[in-house]
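2 protein chains.
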Amino acid sequence: MNTSSRFTVAIHILTLLAHGGGEQMTSEHIAGSVNTNPVVIRRLLSLLRDAKLVTSQVGVGGGWLLARPPKGITLRDIYRAVEGSTLFPLHSNTPNPRCPVGSTIQSALGGHFEEAQLALEKDLERTTVADLVKEVQTLAR
Amino acid sequence: MNTSSRFTVAIHILTLLAHGGGEQMTSEHIAGSVNTNPVVIRRLLSLLRDAKLVTSQVGVGGGWLLARPPKGITLRDIYRAVEGSTLFPLHSNTPNPRCPVGSTIQSALGGHFEEAQLALEKDLERTTVADLVKEVQTLAR
DNA sequence: ACGATTGGAAACTATCTTGGTTACAGTTCG
DNA sequence: CGAACTGTAACCAAGATAGTTTCCAATCGT
């Protein structure tokens with residue numbers, strides 16, 4: 001299963017940007033909050049930019065900005081941006097085509113897996129970055 | 001996301017056992033359908049046994065059996081048996097405790113992640129091994 | 001024009017997970 | 001006894017992940 005913290009860190013980044021209130025923020029500053037290397041942050045930010053969730057500006061005084069209001073960014077958007085592949089991969093070796101189960105199990109599973117992933121994403125859609133900013137502000141006082 | 005094909009293979013195994021109609025099956029036979037090594041199968045079966053989904057018998061004529069009727073085994077049971085950890089891991093390094101976002105984001109995310117995982121599992125609960133056997137039988141003709 | 005500050009990107013490393021394989025000990029049955 | 005099983009440990013190759021260094025390009029203030 002998904003064993004990376006990319007999703008968590010990506011949410012952290014966007015919440016931080018929203019928390020900043022529209023000010024440009026450098027990858028180094030973000031890295032200070034996440035407690036990692038700026039290059040790791042930039043790698044994630046470039047995925048988020050591909051998904052049109054953030055914009056970047058190079059040069060002095062440059063940095064990163066949200067491309068949309070925090071209320072318009074859901075956890076599902078972030079999930080899709082950074083966790084490209086499917087939730088449940090199929091077999092690494094194709095099963096035995098001469099077995100009734102082996103020859104059919106993958107297509108039987110496909111629909112169920114897709115459905116389950118949609119159920120997950122539908123739940124993720126319920127929470128926006130704006131919600132998280134509000135929660136963080138409540139917790140931090 | 002990681003992610004591994006354990007879930008897929010575990011479903012395959014249980015569907016195969018159910019398809020066999022209550023006959024004991026060896027790990028080597030199962031490996032033939034999955035197209036992998038018997039030891040890989042036994043590793044997964046031992047997880048499934050821990051979850052009380054299958055039983056094993058050693059020695060000549062031994063093998064594996066479902067511990068419950070196929071109708072009583074859902075994809076959620078299988079998921080829980082083989083994918084132990086949480087769906088979305090938090091940061092690998094703990095975020096900056098002196099940052100309002102860094103110090104609170106993990107507890108803010110905890111609830112949402114748990115909720116999303118429950119939504120996923122609730123969907124997985126809708127499908128049983130008996131359903132898959134039926135689908136396989138339809139597809140295989 | 002210069003120099004400082006920033007993102008962009010490649011390359012390399014260490015670590016972990018996964019899947020596959022070999023090997024061997026223990027159990028059961030004929 | 002000997003064959004057919006499970007139960008495990010150990011090891012390897014391949015891939016993913018996170019961290020780091022390094023260099024280039026763009027931008028801005030002076």
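Protein sequences appear in the order of chains A and B.
First residue of the first sequence? That's 1 in UniProt numbering, and the numbers climb one at a time after it.
First residue of the second sequence? That's 1 in UniProt numbering, and the numbers climb one at a time after it.
All C-beta atoms in this analysis are idealised placements derived from N, C-alpha and C, irrespective of residue type, glycine included.
Just so it is clear, the structure is predicted and the values come from calculations on it, not from any experiment.
query: For Ser46 (chain A), three-class secondary structure by DSSP; result: helix
query: Beta carbon proximity, Asp123 (chain B) to chain A, threshold 8 Å; result: yes
query: is_contact[His12 (chain A), chain B] using C-beta, thresh 8 Å; result: yes
query: Glu83 (chain B), buried or exposed, once every other Cβ within 10 Å from all chains shown has been counted against 16; result: buried
query: Cα-Cα separation between Val129 (chain B) and Thr104 (chain B), rounded to whole angstroms; result: 41 Å
query: Chain A contact residues for Asn35 (chain B), given Cβ-Cβ distances below 8 Å; result: His91, Asn93, Thr94, Pro95, Asn96 and Gly102
query: C-beta contact flag for Ala119 (chain A) and Ala119 (chain B) at 8 Å; result: yes
query: Cβ-Cβ separation, Asn96 (chain A) to Ser33 (chain B) (assumed contact under 8 Å), whole Å; result: 5 Å
query: Minimum Cβ-Cβ distance from Val9 (chain B) to chain A less than 8 Å; result: yes
query: Enclosing alpha helix (DSSP H) for Gln24 (chain A) [first to last residue]; result: Neither: Gln24 (chain A) is in no alpha helix (DSSP H) and is coded neither H nor E.
query: From B:Leu45, B:Thr8, B:Arg6 and B:Phe7, residue whose alpha carbon lies closest to that of Met25 (chain B); result: B:Leu45
query: Reduced DSSP secondary structure (H/G/I, E/B, other) of Thr127 (chain A); result: coil
query: DSSP three-state assignment for Gly61 (chain A), whether helix, strand or coil; result: coil
query: Exposure label - Asn2 (chain B); buried when at least 16 CB within 10 Å; result: The pLDDT assigned to Asn2 (chain B) is 48, lower than 50, so where the model puts this residue is not dependable; a value taken from the coordinates is nonetheless given after this. With fewer than 16 Cβ atoms within 10 Å of its Cβ, Asn2 (chain B) is classed as exposed.
query: Boundaries of the alpha helix (DSSP H) in which His12 (chain A) is found, first to last residue; result: Arg6 to His19
query: Under the three-state DSSP convention, the category Leu53 (chain A) falls into; result: coil
query: Sequence-distant residues of its chain with Cβ nearer than 7 Å to Thr15 (chain B) (five each side left out); result: Val129, Leu132, Val133 and Val136
query: Backbone secondary structure at Leu90 (chain B) - three-state DSSP; result: coil
query: DSSP-derived helix/strand/coil call for Thr138 (chain A); result: helix
query: Nearest candidate by alpha-carbon position, reference Arg6 (chain A), set B:Leu17, B:His91 and B:Phe7; result: B:His91
query: For Ile78 (chain A) and Lys52 (chain A), the rounded distance between their alpha carbons; result: 10 Å
query: Distance CB(Ala116 (chain A))-CB(Leu139 (chain B)) smaller than 8 Å; result: no
query: Spatial distance of Ile41 (chain A) from Asn35 (chain A) (CA atoms); result: 10 Å
query: Length of the line joining the Cα atoms of Lys71 (chain B) and Thr127 (chain B); result: 9 Å
query: Interface flag, Leu47 (chain A) vs chain B, CB-CB below 8 Å; result: no
query: Contact with chain B by Glu28 (chain A), beta-carbon distance below 8 Å; result: no
query: Closest Cα partner of Leu48 (chain A) within the set A:Glu28, A:Thr94, A:Arg76 and A:Asn93; result: A:Arg76
query: Whether His12 (chain A) touches Val101 (chain B) by CB criterion (8 Å); result: yes
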